[in-house]
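Heads up: take any position in the sequence shown, counting from 1, add 1, and you land on our numbering.
Just so it is clear, CB atoms sit at the ideal spot from N, CA and C, and this is done for glycine as well.
Model, not experiment: these values are computed from the prediction.
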Amino acid sequence: MMPVFLVANQVDGLFALFQGIVLGLVQGITEFLPISSTAHLIIFTDIFGWQNQWNKAAIDAIQFGSVIAVVIYFWKDIRAILSGALTAFKRKDWNREEWKILVGIAIGTIPALGVGFVLKKLNMLPESVMIIATMSIVMSLLLGLAEKIGTRKRGFDELEIKDGILVGLGQMIALLPGASRSGSTLTAALFLGLRRETAARFSFLLGIPTLAIATLVQAQDVLQEADKGLPLLVGVVSAFIFSYLSIAWLLKFLQRQSTWVFVWYRLALGITLLLAIATKVLKEV
């Protein structure tokens, strides 16, 4: 007969794998929709009491699945941009579309990475549920405003370097939990007059360097914890699958529909969280 402690260890191990699948699903669905993956993961682990097993570093490590998904999904675009930019550099053709996109992405990546690095070093990256609720409401209003006043006339072939810079500045807002990296960049792109699908596509491409570097930097600590190896791998695979599906769905959705469903969802989420804090269902910090 198997000792009780071995049975308990097996049950704990299976439950950790289940948690990895669920958190990967949440990460995958919410990373590229403009609703904030960080907010949902923090809330999810708080509600179910999984904070001890899945700290911030472990959650950040799961995002690597999303990085792989977005790179694979946009690989043709990435290859075309790099190839075209190299040709432009050789010919000194600074007006070439691929060159302007690459330079815009490169410059637009700097603000979020720079500020994020400083805040991490100073241990000032916030994780408050109150901030999540507030930013969810603020970003819902901004996205709604962008949907209202954005001209939505510019396509992917009309992108300029300044678009990368301005959307990159918008990406800095995502350092606050609840703001959403995809949400802040999509909102900024809509304000600049890009079509919805173009805005989402450019938002994803611009976010690749930031998401990849931030994931690797923030997840260093958890890689040293041997007991999280298999659950973490399961979480990464789960995040990859659902991230890929989420990207494909959103791009098709924005070809036919507006972003208002996300505006109302974020507004409802923020209000619900404020009520949960007020009634002590969730802790403020």
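Asked	Found
Tell me where the alpha helix (DSSP H) around E148 begins and ends.	130 to 150
Checking 8 Å against the spacing of the C-beta atoms, do S244 and S67 come in under that value?	yes
Does DSSP classify F6 as helix, strand or coil?	Residue confidence for F6 is low, a pLDDT of 38 falling below 50, so the modelled location carries little weight; the figure read from the coordinates is stated next. Helix, per DSSP.
Quick check on this structure: which residue in L270, A86, I108 has the alpha carbon closest to the alpha carbon of E99?	A86
Smallest Cα separation from E32: which of K284, I209, P232?	I209
With distances taken Cα to Cα, identify the nearest neighbour of I162 among L103, G145, T186, G236.	L103
Out of curiosity, what's the CA-to-CA distance linking L144 and T260?	8 Å
For L114, which residues in the same chain have their Cβ closer than 8 Å to its Cβ, ignoring the five residues on either side in sequence?	P210, T211, I214, A215
Could you tell me whether any non-hydrogen atom of the ligand ZN is closer than 7 Å to the CB of I174?	As far as ligands go, the structure on display features none, and thus does not contain the ligand ZN.
Can you name the residues that DSSP bridges to L195?	R155
Around the C-beta of K253, are 16 or more other C-beta atoms found within 10 angstroms, so that it is buried, or is it exposed?	exposed
Would you decide whether D158 is buried or exposed? Buried here means 16 or more other CB atoms lie within 10 Å of its CB.	exposed
Exposed or buried, W250, counting other C-beta atoms within 10 Å across all chains shown (16 or more means buried)?	exposed
So what's I278 in DSSP terms, helix, strand or just coil?	helix
Identify, in the order they occur along the chain, each residue of the same chain with its Cβ nearer than 7 Å to the Cβ of I82, setting aside the five sequence neighbours on each side.	E99, I102, L103
Using a Cβ-Cβ cut-off of 7 Å (strictly less than) and excluding sequence neighbours within five positions of D78, which residues of its own chain qualify?	L206
Please report the Cβ distance between G165 and G105, rounded to the nearest whole angstrom; I am assuming they are in contact, meaning their Cβ atoms lie under 8 Å.	2 Å
Is the separation between the beta-carbon of I60 and that of L18 shorter than 8 Å?	no
Could you give the DSSP three-state label for L177: helix, strand or coil?	coil
Out of L195, F75, A200, point me to the one whose CA is closest to T152's CA.	L195
First and last residue of the alpha helix (DSSP H) that includes G50?	Segment: none, G50 is in no alpha helix (DSSP H) and carries neither H nor E.
Short check: CB of L167 to CB of A189, under 8 Å?	yes
Which residue from Q64, R97, S37, W51 puts its Cα closest to that of V218?	Q64
Return helix, strand or coil for Q64, following the three-state DSSP convention.	coil
Looking at the secondary structure, which residues open and close the alpha helix (DSSP H) in which I111 lies?	98 to 122
Output the distance between the C-alpha atoms of S38 and T280, rounded to the nearest integer angstrom.	24 Å
Starting from D78, trace the alpha helix (DSSP H) both ways and give me its first and last residue.	76 to 92
Closest by CA to I278, which one among A175, M140, D47, L234?	D47
Which residues mark the beginning and the end of the alpha helix (DSSP H) in which Q256 is found?	230 to 257
For W55, which residues from the same chain have a beta carbon less than 7 Å from its beta carbon, with the 5 sequence-adjacent residues on both sides left out?	Q20, L24, T46
Assign I174 to one of two classes, buried (16 or more other C-beta atoms within 10 Å of its C-beta) or exposed (fewer than that).	buried
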